[in-house]
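Contents: one structure, followed by commentary.
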Amino acid sequence: MLIENFYENVDVLHVNMMPRRNYYIPFESAEAALGSKRRSESARFVDLNGQWGFLYYSSILDVLDKSLEALVNAQTESISVPSTWQHSGYDQANYTNVRYAIPFDPPFVPNDNPVGLYTRSFSVEESELEFDFHLNFEGVDSAFYVWVNGQWLGYSQVSHSISEFDVTPYLQVGNNQLAVLVLKWSDGTYFEDQDKLRTSGIFRDVYLLKRPREHLVHYLVQQELSDDFSTARLDLDFLVMDPDLVVSAYQLYGPDGQLLQEGESWQEVTIEQVHLWTAETPELYTLIFQVGQEWFRERIGFRHFEFIDNVFHLNGRPIKLYGVNQHDSRPRTGATVSVAEQIEDLRLMKEHHINAIRTAHYPKSPEFYELCDQYGFYVMSEADVEEHGVVELYGRGWNANYNQLADDPRYIEVIKDRVAASIIPNQNFTSIFMWSMGNESGFGITFEEALKYAYELDPSRPRHYEAFHYADPDRVNDTTYLSCYSRMYPSVEETEELYLKQPEKPFVLCEYAHAMGNGPGDLRAYHELMERYPTFMGGFVWEWCDHAIVLGTDEHGHDYFGYGGDEGSRFHDGNFCVDGLVSPDRVPHRGLKEFQAIHRPIVLKAVDTEKACITLQNQLFFASTDSRFRATLQHQENGVIVEEYKFTVPAIPAKGEAVLEVPFVFHPDVLTHLNLHVEWAEEQLLIQAGTAVSSEQYLVYDQPLILPESENVSLGQSWLVEDYADRLQISNGENQWTFDKRTGGFSSWLVNGQSALETPMEWTVWRAPTDNDRNVKPAWQDVGFYQPTTKFYSCEWEIVGEDLVLETHLGLVPIYREKILDIKARWTLTSAGRISLTADLTRNQLHPFLPRIGLQLGLKKELDRVEYLGNGPWEAYQDKHEASYFGRFAARVVDLYEHHIRPQESGSHRGTHELIVHGQAGQGICIQSQAGFSFNASYYSLETLTEVSHDHELTEADHLVLLLDVEQAGIGSNSCGPALSTDYHLLDETYRLELTMHLL
1 MLIENFYENV
11 DVLHVNMMPR
21 RNYYIPFESA
31 EAALGSKRRS
41 ESARFVDLNG
51 QWGFLYYSSI
61 LDVLDKSLEA
71 LVNAQTESIS
81 VPSTWQHSGY
91 DQANYTNVRY
101 AIPFDPPFVP
111 NDNPVGLYTR
121 SFSVEESELE
131 FDFHLNFEGV
141 DSAFYVWVNG
151 QWLGYSQVSH
161 SISEFDVTPY
171 LQVGNNQLAV
181 LVLKWSDGTY
191 FEDQDKLRTS
201 GIFRDVYLLK
211 RPREHLVHYL
221 VQQELSDDFS
231 TARLDLDFLV
241 MDPDLVVSAY
251 QLYGPDGQLL
261 QEGESWQEVT
271 IEQVHLWTAE
281 TPELYTLIFQ
291 VGQEWFRERI
301 GFRHFEFIDN
311 VFHLNGRPIK
321 LYGVNQHDSR
331 PRTGATVSVA
341 EQIEDLRLMK
351 EHHINAIRTA
361 HYPKSPEFYE
371 LCDQYGFYVM
381 SEADVEEHGV
391 VELYGRGWNA
401 NYNQLADDPR
411 YIEVIKDRVA
421 ASIIPNQNFT
431 SIFMWSMGNE
441 SGFGITFEEA
451 LKYAYELDPS
461 RPRHYEAFHY
471 ADPDRVNDTT
481 YLSCYSRMYP
491 SVEETEELYL
501 KQPEKPFVLC
511 EYAHAMGNGP
521 GDLRAYHELM
531 ERYPTFMGGF
541 VWEWCDHAIV
551 LGTDEHGHDY
561 FGYGGDEGSR
571 FHDGNFCVDG
581 LVSPDRVPHR
591 GLKEFQAIHR
601 PIVLKAVDTE
611 KACITLQNQL
621 FFASTDSRFR
631 ATLQHQENGV
641 IVEEYKFTVP
651 AIPAKGEAVL
661 EVPFVFHPDV
671 LTHLNLHVEW
681 AEEQLLIQAG
691 TAVSSEQYLV
701 YDQPLILPES
711 ENVSLGQSWL
721 VEDYADRLQI
731 SNGENQWTFD
741 KRTGGFSSWL
751 VNGQSALETP
761 MEWTVWRAPT
771 DNDRNVKPAW
781 QDVGFYQPTT
791 KFYSCEWEIV
801 GEDLVLETHL
811 GLVPIYREKI
821 LDIKARWTLT
831 SAGRISLTAD
841 LTRNQLHPFL
851 PRIGLQLGLK
861 KELDRVEYLG
871 NGPWEAYQDK
881 HEASYFGRFA
891 ARVVDLYEHH
901 IRPQESGSHR
911 GTHELIVHGQ
921 AGQGICIQSQ
931 AGFSFNASYY
941 SLETLTEVSH
951 DHELTEADHL
961 VLLLDVEQAG
971 IGSNSCGPAL
981 STDYHLLDET
991 YRLELTMHLL
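If you're matching positions, the sequence shown starts at 1 in UniProt numbering and goes up one per residue.
Next up, the structure:
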């Protein structure tokens, strides 16, 4: 047989793999160690990335009876390393969330287990044979066997981990051949059931390290700060090193690059007036030292994480985690991500005030942690463990079966091995503040042992494991080594009641605010809870990016995307992987703008109108504002900016305040706001000068809004009303209206020969369901909210003064269900062509909350621009409006709708008081309301957005769809999170819509 079956044996996790060690790259000289920017610049680093020979088989049974030589000779194709073979034209990626991708039969996997044979040649010169050669794989999914020059070398698993082998005994002068057989599934698959696209292959870097025969193997950087955090002590703990070796030279450089200390033999270093590392001030010292013929480099940030009275502290100060969960995911390369792509993600996170990352749900590549050290992020590093699929076992009762693997002693070493793979290589990275034992795997003896083992490996960092929440209450569970309590998606009320009022341990939301589609909503409520309770460490939004596959390219050269099922898999979980704050190609979603607004570093805290002063607060935990920010303060009256003031934000200490005089005179009898727009004044590591920081608004005087009045001059014409069975035909001089008794609205409206309506006005309660509506959508459909019929009961008209008044009564009634809405609408027409509406809408109290309540208009398509007095420039819903503020805005209609991979409701603007929809020639319609309304304008019908499953399949209507709502339900995050708070339901018995409309 070609291989021995280790891949179905949990007692054999690795064969001939070298013991795990801390991550480092040796250098040949002090100059190289100090000056190299990338590890590939080291002469001791041999890059094996590139094109490899490749042979794919759909079943391991097709190769077991063959020789390695025969398989290699059969290779005719090549593949890029690193990559996944599903993104290279072989096999298919598939997406499942909770469910295992294979039958549950541990430790066995399907007989038809796809495999890929990789081959790569490299050359060794005779002079190089004095070195040991160590072969490193940083990520292979899911298990693999390795041969060198036809001789079997070893086996390893744990997809997201470094596997290192000593290839020295197998090398020869000249050409050497490396062969790697990668299996899609192994017994490790049962412990890697993460919510992501399932892919296979050598997806991270492969390289050789050339080492002297005698060398340092494993060391730890030890640091300690004085009680006042002014002095640091630095030491090295050499855990594995040949006994004849010593440190023969070292140099320590400060964050500014200046040499601070050097010596010929290592001794503990003391640094006075140390610069501390934080995410806001990522100050790094550089230590290089020589052992034997090698130099090593460590970039060290001096910091101290600790819990004081269950409050999370960094360097003696309490901090909060404003975090995000991040998978490695790119639409064209899957789990293979370059350093440049990682930097792009970190830049976007910095720009939007994310300060923490949970590495969901596996360790990252070492270069990622180096970047987080350099650019400043707090990292919860998670082990490559997830056993979520056990809850899907038939007849076992979901969570009742959650602990099946977790409490099985046979798997203790499996889990400990995965925890070791996470901790041991990464202990020296500054940015890691906590180790996570894994994700969604239940609780039991395996994780108790893992938590204890994590403490033994690294007692300096706390330990996290959310699934303790599912521990068997009838079992005696040991929480000795569990540092904090953690949850996913509890409601605000549950979070407060269970974890904050009487805290036993610190609390963190390792996942919350599910960002799927149009979402997340209600971020503000969680943020306020974090600020209110000191023991609430913070949270990590799920998740950073939409996972997707590229289905094709449009006529403009832009990729369009698909999700589970589009790759052809039989078992899949649809678009549940499309759940990020940014699109697959890294366009920020509006939910990310919401996050940015809530976690802004500069807050307009107060306004003193008498002294013409404002108070600014620095929300940063460590950094002074110095001169890093510049701002524009706008004085806004009645929605119009009347003057503005530009200034550089003064030096405000962390959590401090500053009072500034402003050159404004305030008028208390006018609706008055101050708008504060802040941007970066200087380049900040990843951020360019001029990049927006935040926009916010402060209500100075709350007075009634004064709307501009349109002309309402009587034309002195008489009214003519023709009452037909299906309509009212109304005219007044050249102005004409047709009132449709079928829809309860006007089907035509002509003023001076100009018309805006293309379709009859219709009442509606439906919105194209968002991903966060997925759980309530069946109830909405069942009760008949989608496409109900209109029952017209009556219409009475009379002339009141110079106006014509229609009193109408109708209902929205679905097929085979009872009435949804009872609508009594009063329409007032003026001889100048104006329409005013006052509608009282009574909701059926037996029904679920409504998606929306409003009126739909179909306008001429050439009306392609909007101007509005309301909340903008971003969309605004009841629980998703923090990024918007009140004012006058202008936009193109095409820019109002946000394109999600699965079409859905987006782009509404609540709190609007005036809306002008017009074309280039100026014709259009103006809608006003003193009470306010929500509008949504797009070229897609509600039916299209509801029924089409992919964005690239959308087709535009032949008219502009304008929705004028009393209100919409909130957004929430119920795609995975808690049910939408009743605060954002439409549950009142009656609603009123008040509008006045005229044509331009």
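Here a beta-carbon is modelled for each residue, glycine too, at the ideal position from N, C-alpha and C.
Since residue i and residue j are thought to touch, with beta carbons under 8 Å apart, how far apart are those beta carbons, to the nearest angstrom?
i: L581; j: G539; result: That belief does not hold up - the Cβ atoms of L581 and G539 are roughly 13 Å apart, past 8 Å.
i: R487; j: H469; result: 6 Å
i: S329; j: A383; result: Not really, about 19 Å apart at Cβ, beyond 8 Å.
i: R865; j: G919; result: 7 Å
i: E351; j: I687; result: 6 Å
i: T168; j: F122; result: Between F122 and T168 the Cβ distance is about 14 Å, and since that is not below 8 Å, they are no contact.
i: I853; j: E967; result: 6 Å
Quick one: is residue i buried, meaning 16 or more other Cβ sit within 10 Å of its Cβ, or exposed?
i: residue 1052; result: Here the chain comprises residues numbered 1 to 1000, so residue 1052 is not present and cannot be evaluated.
i: E402; result: Before going further, note that residue 402 is Tyr rather than Glu in the sequence given. Per the 10 Å Cβ criterion, buried.
i: R834; result: buried
i: I823; result: buried
i: T764; result: buried
i: G188; result: buried
i: Q172; result: exposed
i: A779; result: exposed
i: R418; result: buried
i: R204; result: buried
i: T982; result: exposed
i: P520; result: buried
i: E192; result: buried
i: S230; result: exposed
i: N5; result: exposed
i: L671; result: buried
i: I815; result: exposed
In its own chain, which residues sit with a C-beta less than 6 Å from the C-beta of residue i, not counting the 5 before and 5 after it?
i: K777; result: P769
i: D235; result: Q222 and E268
i: G977; result: Y489 and H514
i: I730; result: V721 and W737
i: H900; result: G517
i: G568; result: Q92
i: D112; result: S59
Of all the CB atoms in chain C, is at least one closer than 8 Å to the CB of residue i?
i: E709; result: The chain labelled as chain C is not found in the depicted structure, where only one protein chain is given.
Have a look at the options and flag the residue whose alpha-carbon is nearest the alpha-carbon of residue i.
i: I271; options: L225, F312 and H313; result: L225
i: E953; options: H388, Q51 and G552; result: G552
i: G50; options: A74, G35 and S78; result: S78
i: N293; options: E130, H673, N399 and N310; result: The amino acid occupying residue 293 in the given sequence is Gln; Asn does not appear at that position. Nearest option by C-alpha distance: E130.
i: G35; options: G257, V206 and P363; result: G257
i: L209; options: I25, L500, L71 and Q177; result: I25
i: H527; options: D879, I799 and Y57; result: D879
i: A179; options: T479, F368, G150 and T336; result: G150
i: R44; options: W544, W52, P212 and T946; result: P212
i: G922; options: D958, S949 and E867; result: E867
i: G591; options: W874, A756, A623 and T359; result: W874
i: G911; options: E709, I927, R39 and G733; result: I927
What does a CB cutoff of less than 7 Å around residue i pick up in its chain, not counting 5 residues either side in sequence?
i: Q617; result: V603, K605 and E657
By Cβ distance below 8 Å, which residues in the same chain neighbour residue i in space, the five residues on each side in sequence not counted?
i: G872; result: S884, Y885, G887, F889, A891 and H909
i: E644; result: T632, L633, Q634 and H635
i: E696; result: A597, R600, V603, L604, N675, L676 and Y885
i: T990; result: D840, L841, T842 and R843
Practice problem: Just list the alpha helix (DSSP H) runs in the stretch 760-802, keeping only unbroken ones of 4 residues or longer that don't cross its boundaries, in chain order. | Solution: 777-783
Self-check item: Ordered list of beta strand (DSSP E) runs contained in the stretch 351-407, each at least 3 residues
Solution: 356-358 and 378-382
Quiz item: If you scan the stretch 170-200 from start to end, which runs of the beta strand (DSSP E) of 3 or more residues do you find wholly inside it?
Solution: 174-183 and 196-198
Exercise. Output the residue ranges of the beta strand (DSSP E) runs that lie fully inside the stretch 406-493 and measure 3 residues or longer, sorted by chain position.
Key: 432-436 and 485-488
Exercise. May I have a chain-ordered list of the alpha helix (DSSP H) segments no shorter than 4 residues that lie completely inside the stretch 489-555?
Key: 492-495 and 523-532
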